[in-house]
Amino acid sequence: MSDGGKSRSISEGKSPLSVAVVVPTTHRVENVLGLAQQVRATSPLLATITVVDNGPWADKSGWNELDGSVVVHQSYLGAEQAFVLGLKSAPSADWYLLLDHDADLHEMCLATLLAAATDSDAVYSANQGGDGRAWNRGNGLASEPMDLTTETVAVDFAPWSGLLLNPRAADIVKSQDSGYFFGWDDYLACWRLTHTGIQIWGVPGAVIGNDRLDDWLAPWRAYYRARNHVLFHRETGFGDMATLLRVRGKDLYGAFADRRLDRASAMTRGFMDGLMNRRGARMVPL
Numbered sequence: 000m001s002d003g004g005k006s007r008s009i010s011e012g013k014s015p016l017s018v019a020v021v022v023p024t025t026h027r028v029e030n031v032l033g034l035a036q037q038v039r040a041t042s043p044l045l046a047t048i049t050v051v052d053n054g055p056w057a058d059k060s061g062w063n064e065l066d067g068s069v070v071v072h073q074s075y076l077g078a079e080q081a082f083v084l085g086l087k088s089a090p091s092a093d094w095y096l097l098l099d100h101d102a103d104l105h106e107m108c109l110a111t112l113l114a115a116a117t118d119s120d121a122v123y124s125a126n127q128g129g130d131g132r133a134w135n136r137g138n139g140l141a142s143e144p145m146d147l148t149t150e151t152v153a154v155d156f157a158p159w160s161g162l163l164l165n166p167r168a169a170d171i172v173k174s175q176d177s178g179y180f181f182g183w184d185d186y187l188a189c190w191r192l193t194h195t196g197i198q199i200w201g202v203p204g205a206v207i208g209n210d211r212l213d214d215w216l217a218p219w220r221a222y223y224r225a226r227n228h229v230l231f232h233r234e235t236g237f238g239d240m241a242t243l244l245r246v247r248g249k250d251l252y253g254a255f256a257d258r259r260l261d262r263a264s265a266m267t268r269g270f271m272d273g274l275m276n277r278r279g280a281r282m283v284p285l
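0 is the number of the first residue of the sequence shown in numbering that gives the first Met the number 0; add one for each residue after it.
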């Protein structure tokens, strides 16, 4: 494993370290309050918490117990634009940590992540689920063994949740407006970061769990997964069309095999919209 670029430490001459945590949610107040408690309990850092409550049920109500600030937007922003709004609303900090509202921080997660972040010019990613499946190294997944140290592994792509951004990287993410709405926008952000010379390091010892969503196979999710895969390929040139067709075809076959015709229809529509470069929120979460 790499040392993650230990030539410079952001903590040198700065005590305590400041971190601005950004959490988008669709009015999942209890989830976020629990996550905020984990942030306070699992790391000795000086943290602020900015919540972006978006969607038709977004409201100021229920947030009085939050030790942080809340931005309310009463329509769906999608993950990308919710994180963008949160970063724009968050106070200045040494680091900016992005977290999904269903994130579950394992013990010492943030302390390990911050201890690994020795290069102020790099971006770091926590380990989702403990096995590195969320990290992509181009043509495969990061396969380094799990450990509980601050060792790092170079990765190309990582999910939004668990990304630790330096101020320059945060500014780059703030400028992103892909129109993807849901999915693949985190990979696009990583692609943009690496193409401006910013290294992304995965931290296997900083483990974040996530609740399994009941609507993981919902048609609207299938639509964006298919459409945005095509848009990402069009925009970045990453990968090849044969692999894209194989992956999307496998998903489509699975939907037909499970007799989920609504999901199969959404995938087909998404694929066609991707080819036609149609963007934005064309299906809303139900």
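Note that CB positions come from ideal geometry on N, CA and C, so glycine has one too.
No residue range can be given for Y179, since it is assigned to no beta strand (DSSP E) and is classified by DSSP as neither H nor E.
Taken through DSSP and simplified to helix, strand or coil, N30 comes out as helix.
Approximately 5 Å separates the beta-carbon atoms of N53 and A81; this is inside 8 Å, confirming the contact. The alpha carbon of A254 has as its nearest neighbour, out of F270, Y95, A221, M240, the alpha carbon of A221.
Each residue's CA atom was taken as its position, placing L187 and L65 some 31 Å apart. Within the region 33-93, the complete alpha helix (DSSP H) segments at least 4 residues long are 77-88, listed from N- to C-terminus.
In this structure, the alpha-carbon of K59 lies about 12 Å from that of R27.
For A114, the secondary structure class from DSSP, reduced to helix, strand or coil, is helix.
When DSSP states are grouped into helix, strand and coil, L216 belongs to the coil group.
In this structure, the beta-carbon distance from A217 to M266 does not fall below 7 Å. When the five nearest sequence neighbours on each side are left out, the beta carbons in the same chain lying within less than 7 Å of the beta carbon of P90 are those of A19, T47, in order along the chain. In the three-state reduction of the DSSP assignment, G273 falls in the helix class. A Cβ-Cβ distance of about 6 Å is found for the pair V122 and L192, placing them in contact under the 8 Å criterion.
In chain order, N53 place their CB closer than 6 Å to the CB of L76, counting only its own chain and leaving out the 5 sequence neighbours on each side. One thing to note: W134 has its Cβ no nearer than 7 Å to the Cβ of A78. In terms of CA proximity to D103, V206 leads the group A280, R258, V206. With a 10 Å radius around the Cβ and a threshold of 16 neighbouring Cβ atoms, P55 comes out exposed. Taking C-beta atoms as the reference points, T151 and V202 count as a pair closer than 7 Å.
A residue is called buried when at least 16 other Cβ atoms come within 10 angstroms of its Cβ; H194 does not meet this threshold and is exposed. If you check the CB distance, S119 and N165 come in under 7 Å. Contact check for H100 against N209 fails: the beta carbons are separated by 7 Å or more. When V283, L96, V229 are compared, the shortest CA-CA separation from T242 is found for V229. Closest option to K173, judged by alpha-carbon separation, among R245, S88, A116: S88. Residue environment for V283: exposed (fewer than 16 other C-beta atoms within 10 angstroms of its C-beta).
Taking D184 as the centre and dropping the five residues before and after it, the same chain places the C-beta of E79, S177 closer than 6 Å to its C-beta, in chain order. In this structure, the alpha-carbon of L251 lies about 43 Å from that of T117. Separation of R39 and M107 (C-alpha to C-alpha, rounded to the nearest whole angstrom) is 11 Å.
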